[in-house]
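The sequence shown begins at 15 in this note's numbering and counts up one residue at a time. Glycine included, every Cβ here is placed at the ideal spot set by N, Cα and C. Only a predicted model underlies this, so the values are computations on that prediction, with no experimental measurement involved. Below you'll find the structure, written out as structure tokens, and then a few comments.
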Amino acid sequence: MKKLLGSTSLICALLALASTSPVRAESSAPTKAICVVVPTEGNKCHGTVNFDTADDGKVVVTAEITGLVPNQMHAIHVHEFGDISDLSGKSAGGHYNPEGKPHGLPPSDDRHAGDLGNLKADADGNAELELVVDNFSVAGKDAIIGRAIVVHALPDDGGQPTGNAGARIGFGVIGIAKPAE
């Protein structure tokens, strides 16, 4: 009888505790990310890069960047680390390359996941980019959340090992975007 009473008391205590604990809503993985690009030391590059997961699982990358050298191409990459503590941009590490592929340019599938190609600045130093990729995800396999975007001073020429894109002129951390209301 003591055993039954003890077990019943334990069950009642656990049920009481469970009923007072907050219930967590099951959350799904984020499908949108954003990066606010700020200039590295001595530069003027800034803007935003958005990442939206399409219904087919591919990621639509859209960028609006200003403060570039007018009429020049500038490389843009996802870099390994979301560390922007070094104002030169070097703390962001190298290109994001989870599968160990050689450097390349879109549309080639045989490239670093972070190789997004080039931005073409207009006469006012503004550039836009839209690209659909399937070699990384917002928050699933090979996720980009917490990594960095880096804009470079020169165009990416597709060369090895990193495209000869020169100095890092803008960077930012990729974070979860606020859901649409």
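Straight-line Cα distance separating residue j from residue i
{"i": "N64", "j": "G173", "result": "26 Å"}
{"i": "G139", "j": "Q86", "result": "8 Å"}
{"i": "S102", "j": "N149", "result": "27 Å"}
{"i": "V51", "j": "P120", "result": "21 Å"}
{"i": "V147", "j": "S99", "result": "28 Å"}
{"i": "A77", "j": "C59", "result": "12 Å"}
{"i": "A68", "j": "G177", "result": "28 Å"}
{"i": "P193", "j": "I158", "result": "17 Å"}
{"i": "T54", "j": "I183", "result": "5 Å"}
{"i": "S42", "j": "N111", "result": "25 Å"}
{"i": "D136", "j": "G189", "result": "28 Å"}
{"i": "G61", "j": "A141", "result": "9 Å"}
{"i": "P116", "j": "P175", "result": "7 Å"}
{"i": "G160", "j": "P84", "result": "30 Å"}
{"i": "K155", "j": "D70", "result": "14 Å"}
{"i": "H212", "j": "V164", "result": "Absent from the model: residue 212. The displayed extent of the chain is 15 to 195, so no value can be given."}
{"i": "D123", "j": "I79", "result": "25 Å"}
{"i": "D66", "j": "P44", "result": "10 Å"}
Nearest-angstrom beta carbon gap, residue j and residue i [assumed within contact, 8 Å]
{"i": "H91", "j": "G128", "result": "5 Å"}
{"i": "G114", "j": "R125", "result": "Their Cβ separation, rounded to whole angstroms, is 11 Å, which puts G114 and R125 out of contact at 8 Å."}
{"i": "F185", "j": "A153", "result": "Rounded, the Cβ-Cβ distance is 21 Å, inconsistent with contact."}
{"i": "G107", "j": "H93", "result": "5 Å"}
Proximal residues to residue i (C-beta, below 6 Å), its chain only, five neighbours per side dropped
{"i": "A191", "result": "K46, A47 and I48"}
{"i": "G168", "result": "The question names Gly, but residue 168 is Leu in the sequence shown. A179 and G180, listed in sequence order."}
{"i": "L143", "result": "A77 and L133"}
{"i": "K72", "result": "V146 and D148"}
Contacts around residue i, its chain only, beta-carbon distance under 8 Å, and the 5 residues preceding and following it disregarded
{"i": "S105", "result": "F95, D97, I98 and S99"}
{"i": "S151", "result": "T67, G71, V73, A157 and I158"}
Cβ shell of residue i (< 7 Å), same chain only, five flanking positions each side left out
{"i": "A234", "result": "Residue coverage of the chain in this structure runs from 15 to 195, which leaves residue 234 outside it and unanswerable."}
{"i": "L145", "result": "V75, P120, L130 and G131"}
Heavy atom of the ligand NAP within 7 Å of residue i beta-carbon
{"i": "S99", "result": "Looking for the ligand NAP in the displayed structure turns up nothing, as the structure carries no ligands at all."}
>> I'd like the ranges of any beta strand (DSSP E) spanning at least 3 consecutive residues and lying wholly in the region 78 to 166.
In response: The qualifying runs are 87 to 93, 129 to 134, 141 to 147 and 162 to 166.
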